[in-house]
Amino acid sequence: GVFLCPHRRFARRLRVDRPGSVFYAQTTFEGSTMQDHNWVQALRHRDLSYFLGASHMNQPMWIFGSPEEPKNCSQQGGLGHSEARDHIGNFHAGNTSRAGRRLGGTLFRAFGASDELMLELVNCHYALFMHCRNPDATRISSCSSMRLHSCDRAFRSGGAQPWPFLPYDLVGPARFELNPDAAGMIVPSHEEDALCSFWDAAPPMHFVRSACHGCNATKEQLIVL
């Protein structure tokens, strides 16, 4: 509830000021390196992924790829007009084995096919969100109809299928699941609702926003969350 409940409260409040522009999602993909199913095996194999789960520390990897992997440009001959908008999804890791490999005495982290698919999936939705202000890859519009390589690779592989990514106004408490193996919506349980009611009942918070660089005064804006 440390991250989940505040995110829900923020989404619920922000949709009032910005209807149709708030999208609520959760990453549930732990990565292909997690191979254990109980804490005893995880301790024996030193499987850190088992204990961390789908942690926020994985997010840079789903955008840029594994930092321990050599990268290869997947687009030859330069970037075209539509490809340039999808630049964060135009790189892929060279190694696809789960066990990893040694190069020059250094053990490279395994970056398997499911990891690569997760990278393409995240980059697809991020690119659409940044350019079209809507991460829904199933929409038919002049913006989302651009040929984005990450979207083509994610939904062509068969490991993930297009799923409507609707604004929070339309789906309510349900959140989009970012997972190449289980795309869909996550409906909160009764236990989760009870836990997050603590955050919902908290008093309003204040955000102090700087008016401009070099200014002596600041403007304080009250946002009821």
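Residue numbers for the sequence shown follow full-length UniProt numbering, beginning at 1 and rising by one. Backbone N, C-alpha and C define an ideal beta-carbon position, used for all residues, glycine too. Values in this document were obtained by computation on a predicted structure and should not be read as measured data.
* Asked: Skipping 5 residues on each side, what residues in its chain have a beta carbon closer than 6 Å to that of residue 15?
  -> The residues 22, 168 and 169, in chain order, have a CB closer than 6 Å to that of residue 15 in the same chain once the five nearest residues on each side in sequence are set aside.
* **Nearest residue (CA-CA) to residue 147, options 127, 183 and 63** => Per the Cα distances, 127.
* N-terminal and C-terminal residue of the alpha helix (DSSP H) that residue 130 is part of -> Residues 113-132.
* By a C-beta neighbour count over all protein chains shown, 10 Å radius and 16 as the cutoff for buried, is residue 135 buried or exposed? -> With 16 or more Cβ atoms within 10 Å of its Cβ, residue 135 is classed as buried.
* To do: Check each candidate in 117, 122, 151 and 203 and name the one with the smallest Cα separation from residue 25.
  => Of the candidates 117, 122, 151 and 203, the residue whose Cα lies closest to the Cα of residue 25 is 122.
* Which residues mark the beginning and the end of the beta strand (DSSP E) in which residue 227 is found? -> Nothing about residue 227 can be read from this structure; the chain reaches only from 1 to 225.
* Mind checking who residue 25 pairs with in its DSSP beta bridge? => Looking at the DSSP output, residue 25 shares a beta bridge with 176.
* **When 192, 178, 43 and 132 are compared against residue 117, the one with the closest alpha-carbon** => Checked all of 192, 178, 43 and 132; the closest Cα to residue 117 is 178.
* To do: Flag this pair as yes or no: are the beta carbons of residue 137 and residue 149 separated by less than 8 Å?
  => Not a contact, by the Cβ cut-off of 8 Å.
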